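Chains A and B supply the protein sequences, listed in that same order.
If you count the first sequence from 1, position 326 lands on 325 in numbering that gives the first Met the number 0, and the numbers rise without skipping.
If you count the second sequence from 1, position 18 lands on 17 in numbering that gives the first Met the number 0, and the numbers rise without skipping.
C-beta: ideal position from N, C-alpha, C; glycine also.
Quantities reported herein were computed from a predicted structural model and do not represent experimental measurements.
Single-structure report; data block below.
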Amino acid sequence: MAQASAAQDRSARKRKPDSLSAKLPDETILEWLRQMQLIREFESRTMQAYQQAKIGGFCHIYSGQEACAVGTIGATEHEDPIVLAYRDHGHALARGMDPKACMAEMFGKLEGCAKGKGGSMHMFDRPNHLYGGHGIVGAQTPLGTGLAFAKRYQWEVMEKGGKHVCLCYLGDGAVDQGAFSEAMNLASLYSIPVIYIIENNGYSMGTAISRHSANSDKLVMRGQSFGIKSVEIDGFDILDLYDAFKPLVDECRDLQRPAFVDLKTYRYQGHSMSDPQKYRTKDEVDEWKGKDSIAALVDYCMNDRGCLDEDGWKAMQKEIKDQVMEAVEFAENATDPVPAEELATDVYANPQPNLSPTEDYHHGVRNPLL
Amino acid sequence: MPLWMHIMPELTLVQAINQALDQEMERDERVVILGEDVGHNGGVFRVTEGLHAKHGGDRVVDTPLDESGIMGTAIGLAIAGMRPVPEIQFEGFLGPAYDQLVNHGGRMRTRTRGAVTVPLTVRVPVGGGIHAPECHSDSPEAIYTHSPGIKVVMPSTPYDAKGLLLASIRDPDPVLFFEPKRVYRSFKEEVPEDDYTVEIGTAKVVSEGDDITVVTWGAPVFQCLNAMDELPEDVSVELIDLRTCWPIDVDTIAESVEKTGRCVIVHEAPLTAGLGAEISSLIQERCFLHLQAPVQRVAGFDTIMPYYKLEMDYLPEAPRIQKGIEECLAY
């Protein structure tokens, strides 16, 4: 059903042969599809594990928004830093985090990306230049400015490395936070190459955007008011997304300027796992599911490019399913932290013998998965 | 027991707070609630469930995610004579609102020499024990106790929650009203439907005893009771629920410690510079010659609140409290 209507959308406008995405090799497109399906599968297993109380804390599911993470990260270089909010599993996987480390983190296990101390909202992966999920709404936006400041300084002043851009993701709810205005002002004032990507799923937790943000149909005006190049992009179609986003990334990298993207998307699940979702109808959710980004990309691969057939798609799904099951099994069998050892690790670089608990604070063991 | 006691409804902490808000909104039209998803969705912990339907969107206001804006707007409402009761979703989200609360809310009366006051009640879920990560499990009461001009309240029971919330809303100064999440739905008790208040700044003696005083507040009250169950029967513990972190009811504490000569203070917040340090200092100032042992503290550690696998090792649970009591008795 979802695939059929997506196919209709697709056949209504055959891919433009001159677009950037059309010129990409089949392998790239199939890799995007694989990543998006990995995120979708990973999230459904995450929900299952959460309902079985294997995952603690709060859990924010990314299903529906896969094209945003995969398309934007796919348009950047591996060394471009990323910082984001707490709906962060998808970005971590798209940036190359081992699904085992991601799942183990949510299970609170030592093999997790933050040794099971951060949980679902705090996915960090230094080798993959992922500077975290963050739990305070909007508070990551000045960090994005700072990361990009550092990259520009290292390139320009220290003559170390090339030109980079920082991808700083936030939800539409976070645009209301004061910190975001401060971050944008600094970025424009100092000409800092940070791209603020508003993953605009239409809801600030349970409050629709028209009820939480003034002038909400023209979010780009906020970026423009700081003199930042600001664009709206369809975040539900990964090809359109790439075609619009890639030139923007190139421009920001080249000119070392900030940018603002209102990336229109939709989340299929509630804000968190404990959201009663009184604020929207099932019909609304179903309407978006009818335009599903994964179904649309499968259709494109099969019918426009001819780089995938039914058997190939089934094989890919099976492979991903196995990979995610393996991650869940890994997380279940991973190591529980030993309280006496882990409560006092990684708080300070140097031992602080007079603090509680009375053990010395020390660095924990490095995670072999990262 | 009088007859009316038997027909009182039993409520959870959540229900008691909901009832207090509902009744006070009926009584006083200056009371308005504002916060993230407090209206249509009834709040993240469903504390404001039903209030939007009953009192309307002008009085139960869904706000954007902007704690600084919520707090500043609420202070503006308060100085104009309203009785705002904003909700900050989790204690960790007080960070962005800190500037408004501490630099405006707490100082307006002094700054204007009493011409402008801030009758504000900020409701904030607090503490650990619900498997939430850092920023959603912290206990920052000492930070705000250390900020002059703000009262800090933390009830542990439904009865006290209703009485203290009504007292807070009617208080002429800003009150930070911490609600221990772990207790939200953990038990029910009888709560009168009538209007009553519990005076801010009064501690409650939960159980009387002669051998040792235990002072705590919020969710650890119940961990202390569990610890007391494990002690030998001949040990007589006086348990004090502080109920208000600021102003501290030092008289109740001192009277008890003068009787018992020993004291253990229990809190979830990190040990160092926690409220236990202040109370310990007050005890040595007031009860020095009565003390038979150094005042002991059983608290969280000087680390970031860990994720759920280590949560119960961080929190002062019954075995650690029991050990603290036994060590203090054995001194």
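Cα-Cα separation between residue i and residue j, rounded to whole angstroms
| i | j | result |
| --- | --- | --- |
| S10 of chain A | E286 of chain A | Its pLDDT being 46, under 50, S10 of chain A is placed unreliably in this model, and the value from its coordinates should be taken loosely. Taking the straight line from one Cα to the other gives about 18 angstroms. |
| G42 of chain B | A21 of chain A | 47 angstroms |
| G305 of chain A | Y299 of chain A | 8 angstroms |
| R285 of chain B | A253 of chain B | 6 angstroms |
| Q322 of chain A | K180 of chain B | 37 angstroms |
| S255 of chain B | D65 of chain B | 44 angstroms |
| V297 of chain B | C327 of chain B | 11 angstroms |
| H181 of chain A | L129 of chain A | Reading off the sequence, residue 181 of chain A comes out as Glu, not His. Distance between the alpha carbons of E181 of chain A and L129 of chain A: 22 angstroms. |
| I194 of chain A | S18 of chain A | 22 angstroms |
| A5 of chain A | K53 of chain A | Its pLDDT being 48, under 50, A5 of chain A is placed unreliably in this model, and the value from its coordinates should be taken loosely. Between A5 of chain A and K53 of chain A, the C-alpha separation is close to 35 angstroms. |
| R82 of chain B | I72 of chain A | 48 angstroms |
| L314 of chain B | H266 of chain B | 8 angstroms |
| A3 of chain A | L342 of chain A | With a pLDDT of 46 at A3 of chain A, under the threshold of 50, the modelled position of that residue is not reliable, and no figure is offered here. |
| E340 of chain A | N366 of chain A | 15 angstroms |
| P338 of chain A | C251 of chain A | 46 angstroms |
| Q139 of chain A | I196 of chain A | 12 angstroms |
| W312 of chain A | Y61 of chain A | 22 angstroms |
| S276 of chain B | E231 of chain A | Per the sequence shown, the amino acid found at residue 276 of chain B is Ala instead of Ser. Rounded to whole angstroms, A276 of chain B to E231 of chain A spans 54 angstroms at the Cα level. |
| D345 of chain A | R125 of chain A | 15 angstroms |
| T62 of chain B | A73 of chain B | 11 angstroms |
| P80 of chain A | R256 of chain A | 15 angstroms |
| F179 of chain A | V125 of chain B | 26 angstroms |
| L307 of chain A | H77 of chain A | 27 angstroms |
| Y85 of chain A | E232 of chain B | 49 angstroms |
For residue i, the three-state DSSP class (helix, strand or coil)
| i | result |
| --- | --- |
| A268 of chain B | strand |
| K228 of chain A | strand |
| I54 of chain A | coil |
| Q88 of chain B | coil |
| P124 of chain B | strand |
| C112 of chain A | coil |
| R9 of chain A | Its pLDDT being 49, under 50, R9 of chain A is placed unreliably by the model, and nothing is read from it. |
| D370 of chain A | Chain A is shown from 0 up to 369; residue 370 of chain A falls before or after that span and cannot be answered. |
| Y97 of chain B | helix |
| R112 of chain B | coil |
| L175 of chain A | Residue identity check: residue 175 of chain A is Asp in the sequence provided, not Leu. If DSSP states are grouped into helix, strand and coil, D175 of chain A belongs with the helices. |
| N199 of chain A | strand |
| H77 of chain A | coil |
| A218 of chain B | coil |
| V46 of chain B | coil |
| R212 of chain B | Per the sequence shown, the amino acid found at residue 212 of chain B is Thr instead of Arg. In the structure shown, T212 of chain B sits in a strand (DSSP, three-state: E or B). |
| R125 of chain A | helix |
| I278 of chain B | helix |
| Y168 of chain A | strand |
Same chain, Cβ closer than 6 angstroms to residue i, neighbours up to 5 away in sequence not counted
| i | result |
| --- | --- |
| S206 of chain B | L238 |
| A15 of chain B | P157, A160, K161 and V190 |
| H90 of chain A | A68 and L83 |
| L238 of chain A | S20 |
| G323 of chain B | V263, Q295 and V297 |
| K162 of chain A | W154 and R252 |
Same chain only: Cβ atoms within 8 angstroms of residue i, ignoring 5 sequence neighbours per side
| i | result |
| --- | --- |
| N200 of chain A | G63, Q64, G170, D171, T264, Y265 and R266 |
| I78 of chain B | M107, V115, T116 and V117 |
| R26 of chain B | D194 |
| F329 of chain A | K99, M102, A103 and E110 |
Contact belief for residue i with residue j at Cβ below 8 angstroms, rounded distance in angstroms
| i | j | result |
| --- | --- | --- |
| D335 of chain A | K108 of chain A | 7 angstroms |
| F89 of chain B | H135 of chain B | 5 angstroms |
| G56 of chain A | H130 of chain B | 6 angstroms |
| Y278 of chain A | G205 of chain A | 5 angstroms |
| M272 of chain A | C101 of chain A | About 16 angstroms; that fails the 8 angstroms criterion. |
Neighbouring residues, chain B, relative to residue i (Cβ below 7 angstroms)
| i | result |
| --- | --- |
| S203 of chain A | P63 and L64 |
| V136 of chain A | L64 |
| A343 of chain A | T302 |
Interface residues of chain A facing residue i [CB-CB closer than 7 angstroms]
| i | result |
| --- | --- |
| E35 of chain B | M204 |
| G94 of chain B | I135 |
| L309 of chain B | P336, P338, E341 and L342 |
| H39 of chain B | G205, K277 and Y278 |
Contacts of residue i in chain B (Cβ-Cβ under 8 angstroms)
| i | result |
| --- | --- |
| F57 of chain A | A131, P132 and H135 |
| V346 of chain A | D301, T302 and I303 |
| S212 of chain A | P63 |
Chain-order list of residues whose beta-carbon lies under 7 angstroms from that of residue i (same chain, five-residue window excluded)
| i | result |
| --- | --- |
| T144 of chain B | V151, C244, W245 and L274 |
| L76 of chain B | V31 and P83 |
| V37 of chain B | T47, V59, D61 and E86 |
Partners in chain A for residue i, counting only beta-carbon separations shorter than 8 angstroms
| i | result |
| --- | --- |
| T271 of chain B | L354 and S355 |
Neighbour list for residue i in chain A, Cβ cutoff strictly below 9 angstroms
| i | result |
| --- | --- |
| G68 of chain B | D175, Q176 and G177 |
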